[in-house]
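See structure below.
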Amino acid sequence: MSDQPPPGADPGEPDDAGRPADREAGRSDPTAPLPADPTAPPPVDPTAPQPTVFPPTGVLPGNPSAPSGFPPGYPPYQGQPPGPPYGGYPPGQPYGGYPPGQPYGGYPPGQPYGAYPPGDQPYGAYPPGQPYGAYPPGQPYGDPLGAAVPPYGPGWPGGAPWDPHDPLVNPPNGGLEGWWNRGLAALRRSWRVLVLVLVVTQVLPALAISVLSVVLLPADELATAPSADGQVALPDGFFTDLALFGAVIGLGSLLFGLLQAAGWAAGTWAVTRQALGEAVTAGGALRYGFRRALGLWGWTLLTGLLMAVGFCFCILPGIYLAFALSLVTPIYLYERENPIGRSFRMFHDRLGMVLGRISLVGIVVILFSVVTSVVEEIATSAAGTDPFASPAAAAGLFVALVVAALLSVPAYLVQQVGLVVTYAEQRGQEGPVNSARLAGELG
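Numbering that gives the first Met the number 0 numbers the first residue of the sequence shown as 0 and each following residue consecutively.
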């Protein structure tokens, strides 16, 4: 300890620490030095060994320039979440008390000492009947939800979810059976609405064309007996009647094509909406169909022209175009752009799959078309060259034509549902899609 007086004090005069009267009276001078704090830590001896000092949080050894605080990428401490403080009791419970009905140090009523509550699983144990390390019954390896994980398909991101029970879209691992089952399910759901729509938009136009063909075709003029030299002399006005027949049938088919386009659009809308469990009426489906009919009609005409050109050059190019352009209708209705190019791409990207599906649909359509043609041929042959010679013959012919038109309904049903399900499957091959998304794309 130094004998020297503190700085600023006169020699021989005691300092403030030695004047108890001044301490009791308080310090009136704010600039006077503060008294010693009895609670302050003792001074540190610089010659004593110092304890190890760790770098602050966020500073790494050898990197003094790193800022202090939390490590990069971690948020700063936000404080304690709202609620009772640590160690506190719930509101309404006195300090040191236990919940009502539970004595001090006791267990809940009905639970013996050391036991787990009824129905709980002991610590570290497996469910009853499950061996160590095994998965619950019915759950394959790698899927906590209990469903099999499908393999990746073209364009699928790794681990993308997939619903194997989607009513329309066959998953990439569904195969032909999945496509077939979804087609049958769509027929069972939608056949009532589809039959009404198809009768209005397909059967009635086909019946009208058949009646016009019987009325306007100059068949009686072709029945002229040949002359002595074996040549048949065409009657007067034959080419005029034939031109009239071609013009009426062609114009009628063109106009009825607009109605048929509305039917295909209405049927596609009904199948897709009913796959989601929605209530669909034939009137609502037709309203949607007529709203989309004009655009679909234009693409249908272009597709028919391309196939006609293919058949004119050779039969095989026409058959190829019929398969390659088979998905133009659903592509236009769902995607609204480039249906011909998209149909070619879908057909060639998965040639075997699309060719097989469309072939099955085409076989069913051809079979019913053959039956319809046979019935019409029998009816017209029985009516003779002049089917309107008597009312009975005319009535019989008309009934036969109605029956033939109705026999074409199953062919239209299979074609409608088969094309929709095939298109949905191809969309599923390209990427994740479900029935709800397809319904949203239809509008």
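Glycine included, each C-beta is placed from N, C-alpha and C at the ideal position.
* Under the three-state reduction of DSSP, which class applies to Arg-446: helix, strand or coil? -> As displayed, the chain neither begins before 0 nor continues past 442, which places residue 446 out of reach and without an answer.
* Asked: Since Asp-240 is in the alpha helix (DSSP H), which residue starts that stretch and which ends it?
  -> Element bounds for Asp-240: 237-274.
* Where does Glu-176 land, buried or exposed, given buried means 16+ other C-beta within 10 angstroms? -> Exposed: under 16 other Cβ atoms inside 10 Å.
* Do the CB positions of Ser-325 and Phe-312 come within less than 9 Å of each other? -> No, the Cβ-Cβ distance between Ser-325 and Phe-312 is not below 9 Å.
* Asked: Where does the unbroken alpha helix (DSSP H) through Thr-421 begin, and where does it stop?
  -> First-last of the alpha helix (DSSP H) with Thr-421: 408-429.
* **Distance between Ser-189 and Gly-351 (C-alpha atoms, nearest Å)** => Answer to the nearest angstrom: the Cα atoms are 28 Å apart.
* Taking just the CA atoms, how far does Glu-375 sit from Gly-309? -> Taking the straight line from one Cα to the other gives about 28 Å.
* **6 Å CB neighbourhood of Phe-289 in its chain, flanking five on each side removed** => Cβ within range, chain order: Ala-261.
* **Rounded C-alpha distance that separates Gly-427 from Gly-173** => Between the alpha carbons of Gly-427 and Gly-173 lies a gap of roughly 11 Å.
* Could you check the C-alpha separation between Trp-298 and Leu-254 for me, to the nearest Å? => Approximately 14 Å, taken between the alpha carbons.
* Asked: If you run the structure through DSSP and keep just helix, strand and coil, what is Ser-368?
  -> Residue state for Ser-368 is assigned as helix, using DSSP reduced to three classes.
* To do: State the CB to CB distance for the pair Val-270 and Leu-211, rounded to an integer number of angstroms; the pair is presumed to be in contact (CB under 8 Å).
  => At roughly 31 Å, the Cβ-Cβ gap does not stay under 8 Å, so Val-270 and Leu-211 are not in contact.
* To do: Using only alpha-carbon positions, find the residue among Val-432, Ala-292, Leu-396 and Gln-415 that is nearest to Asp-162.
  => For Asp-162, the nearest C-alpha among the options comes from Val-432.
* Asked: Touch check for the segment 373-389 and the segment 322-339: three-plus C-beta pairs under 8 Å?
  -> No, the segment 373-389 is not in contact with the segment 322-339.
* **Residue burial classification, Leu-315 (beta-carbon count within 10 angstroms, cutoff 16)** => With fewer than 16 other Cβ atoms inside 10 Å of its own Cβ, Leu-315 counts as exposed.
* Quick one, are the C-beta atoms of Val-420 and Gly-251 less than 9 Å apart? -> For Val-420 and Gly-251, no; Cβs fall outside 9 Å.
* To do: May I ask you to report which of helix, strand or coil DSSP gives Leu-326?
  => DSSP places Leu-326 in coil when its eight states are reduced to three.
* **Distance between beta carbons of Val-194 and Val-364, contact taken as under 8 Å** => Under the criterion of beta carbons closer than 8 Å, Val-364 and Val-194 do not qualify as touching, at roughly 16 Å.
* Asked: From Thr-200 to Trp-296, what does the alpha carbon distance come to, in whole angstroms?
  -> For Thr-200 and Trp-296, the distance between alpha carbons rounds to 13 Å.
* Other residues of its chain near Tyr-122: CB distance less than 7 Å, five sequence neighbours each side excluded -> Model confidence at Tyr-122 stands at a pLDDT of 43, short of 50, so the residue's coordinates are unreliable and nothing is read from them.
* Taking Arg-344 as the reference, give the member of Val-327, Asp-240, Pro-171 and Thr-267 with the closest Cα. => Nearest option by C-alpha distance: Val-327.
* Asked: Taking just the CA atoms, how far does Ala-265 sit from Val-401?
  -> Roughly 23 Å separates the two Cα atoms.
* **Assigned exposure category for Asp-348 - 16 Cβ within 10 Å defines buried** => Asp-348 comes out exposed.
* **Start-end ranges of the alpha helix (DSSP H) lying completely within the segment 291-325, minimum 4 residues** => Correct list: 314-323.
* Asked: In terms of alpha-carbon separation, which member of Leu-437, Ala-423 and Ala-438 lies closest to Pro-171?
  -> Nearest option by C-alpha distance: Ala-423.
* To do: Would you kindly check if the distance between the Cβ of Ala-274 and the Cβ of Leu-167 is under 9 Å?
  => Their beta carbons are under 9 Å apart, which means Leu-167 touches Ala-274 by this criterion.
* May I ask which residues mark the beginning and end of the alpha helix (DSSP H) holding Gly-177? => Run containing Gly-177: 174-197, per the alpha helix (DSSP H) assignment.
* In terms of residues, what are the limits of the alpha helix (DSSP H) holding Leu-167? -> First-last for Leu-167: undefined, no H or E at that position.
* Sort Asp-235, Phe-367, Val-192 and Phe-244 by Cα distance to Ala-281 and report the nearest one. => Among Asp-235, Phe-367, Val-192 and Phe-244, the Cα nearest to that of Ala-281 belongs to Val-192.
* Expected contact under 8 Å - CB spacing of Pro-338 and Leu-258 to nearest Å -> Contact between Pro-338 and Leu-258 does not hold, since the beta-carbon distance rounds to 20 Å and is not under 8 Å.
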